[in-house]
Amino acid sequence: MIFKEGIIQNSLYNTAISLGIKPNTIIDFARLYGFQVDFQRDIWKGDTFQIIYEQFENEDGSLIENGDIIFSNLNIQGKDLNLYKFELGKNKIDYFDENGKSMKKTLMKTPINGARLSSPFGKRKHPILGFTKMHAGTDFAAPTGTPIMASGDGVVTRAQWCGGGGNCVKIKHNSVYQTVYAHMSKFGRGIKKGVRVKQGQIIGYVGSTGLSTGPHLHYEVIENGRKINSQKLKLPSGKTLKGKQRNKFEVNKIKIDVLKSELIAGLN
Ligand SMILES: [Zn+2]
Numbered sequence: 014m015i016f017k018e019g020i021i022q023n024s025l026y027n028t029a030i031s032l033g034i035k036p037n038t039i040i041d042f043a044r045l046y047g048f049q050v051d052f053q054r055d056i057w058k059g060d061t062f063q064i065i066y067e068q069f070e071n072e073d074g075s076l077i078e079n080g081d082i083i084f085s086n087l088n089i090q091g092k093d094l095n096l097y098k099f100e101l102g103k104n105k106i107d108y109f110d111e112n113g114k115s116m117k118k119t120l121m122k123t124p125i126n127g128a129r130l131s132s133p134f135g136k137r138k139h140p141i142l143g144f145t146k147m148h149a150g151t152d153f154a155a156p157t158g159t160p161i162m163a164s165g166d167g168v169v170t171r172a173q174w175c176g177g178g179g180n181c182v183k184i185k186h187n188s189v190y191q192t193v194y195a196h197m198s199k200f201g202r203g204i205k206k207g208v209r210v211k212q213g214q215i216i217g218y219v220g221s222t223g224l225s226t227g228p229h230l231h232y233e234v235i236e237n238g239r240k241i242n243s244q245k246l247k248l249p250s251g252k253t254l255k256g257k258q259r260n261k262f263e264v265n266k267i268k269i270d271v272l273k274s275e276l277i278a279g280l281n
């Protein structure tokens, strides 16, 4: 069990890397908070995080792999966002806050980690075409090759060249929601039309293909056929554990809190 805590300097990603946290664990962490946190606008310098995760090692101490995140906290401007791992059933884990409420939502606000929101939804002067045009998506500037995640479970309905959008992916989540991801440098492994994807799965990588002035992700959310502002997306909040499961969760939460104090005590 590994405990790390850090104060965010320039980005969560860079701060976590400097603490020796592996990229996979950082991506898992970002995925947990991707429903409620916009990593560009909500996180300020000086915000802090704590994380407990499993790490499996060989007898000689060499690292085999990182396991699940057990506990995490993101403190944004003095407000704690605690998440506890909980097993709902066989091989079915989820994360809940201290009140037993799931963080999961149908779609993520930010399907990319460590990016900077560079152009919001709304009317703007197009950087290449030069005239004012509705920008029906949200742009996130990020280095070429940054992984892009499926914002929700669904079926890929497009993974091909689409003109101005360059290499783009479109996902149908349900009868109401679809999402589009454009300007990719390349598609994720196995991503093609008809393939089923899980929320958080890597579907492609940031690029600057099509009508684009620099590497970024152009992200669109389509609700009942209309493009809407992904950053203002209001989705029903996740379910809250009740009854027996809630009791089990409370016991589990206490165990995790004890473990956390032990790990913190061990540090000092
Ligand atoms: Zn755009």
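Residues 14 to 281 in this note's numbering are what the sequence shown spells out, letter by letter. Built from N, CA and C at the ideal position, the CB exists for glycine as well. All figures in this text were calculated on a predicted structure; none of them were measured in a lab.
Cβ shell of Gly-47 (< 6 Å), same chain only, five flanking positions each side left out
Here residue 47 is taken as the residue at index 34 of the sequence shown, counted from 1. Only Met-121 and Thr-123 meet the Cβ criterion.
By the DSSP assignment, the alpha helix (DSSP H) with Arg-44 in it spans what residues?
By one-based count along the sequence shown, residue 44 stands at place 31. Residues 36-46.
Within the continuous beta strand (DSSP E) that includes Asn-104, where are the two ends?
As a working note, residue 104 is residue 91 in the sequence shown. No beta strand (DSSP E) contains Asn-104, which DSSP labels as neither H nor E.
Inter-residue spacing [alpha-carbon to alpha-carbon] between Gln-68 and Asp-107:
Start at 1 with the first residue of the sequence shown, and residue 68 comes out as number 55. Start at 1 with the first residue of the sequence shown, and residue 107 comes out as number 94. Rounded to the nearest angstrom, the two C-alpha atoms are 19 Å apart.
Cα separation between Leu-230 and Gly-150?
Taking the first residue of the sequence shown as position 1, residue 230 is located at position 217. Taking the first residue of the sequence shown as position 1, residue 150 is located at position 137. Leu-230 and Gly-150: Cα-Cα distance of roughly 10 Å.
Tell me the rounded alpha-carbon separation between His-148 and Lys-206.
For the purposes of this step, residue 148 is taken as residue 135 along the sequence shown, with counting starting at 1. For the purposes of this step, residue 206 is taken as residue 193 along the sequence shown, with counting starting at 1. Each residue's Cα considered, the two are about 26 Å apart.
What are the start and end residues of each continuous beta strand (DSSP E) run of 3 or more residues lying completely inside the region 165-226, in chain order?
167-174, 180-185, 190-197 and 215-218
Compute the beta-carbon to beta-carbon distance between Gly-179 and Thr-226, rounded to the nearest angstrom, for a pair I have assumed lies under 8 Å.
Position 166 of the sequence shown, counted from the start, is the residue given in the question as residue 179. Position 213 of the sequence shown, counted from the start, is the residue given in the question as residue 226. No, Gly-179 and Thr-226 are not in contact; Cβ-Cβ is about 12 Å, not under 8 Å.
Ile-77 burial status per 10 Å Cβ neighbour count (16 or more: buried):
Counting from one through the sequence shown, the residue named residue 77 turns up at place 64. Exposed, because fewer than 16 other Cβ atoms sit within 10 Å of the Cβ of Ile-77.
On the criterion of 16 or more Cβ atoms from any shown chain inside 10 Å, does Asp-81 qualify as buried, or is it exposed?
Position 68 of the sequence shown, counted from the start, is the residue given in the question as residue 81. Exposed.
Can you find a heavy atom of ligand 1 that lies under 8 Å from the Cβ of Thr-145?
Taking the first residue of the sequence shown as 1, we reach residue 145 at position 132. No; taking the cut-off as 8 Å, the Cβ of Thr-145 has no heavy atom of ligand 1 nearer than that.
Which residue wins for smallest C-alpha separation from Lys-252, given the options Gln-90, Met-116, Lys-103 and Gln-49?
As a working note, residue 252 is residue 239 in the sequence shown. It is Met-116 whose Cα lies nearest to the Cα of Lys-252.
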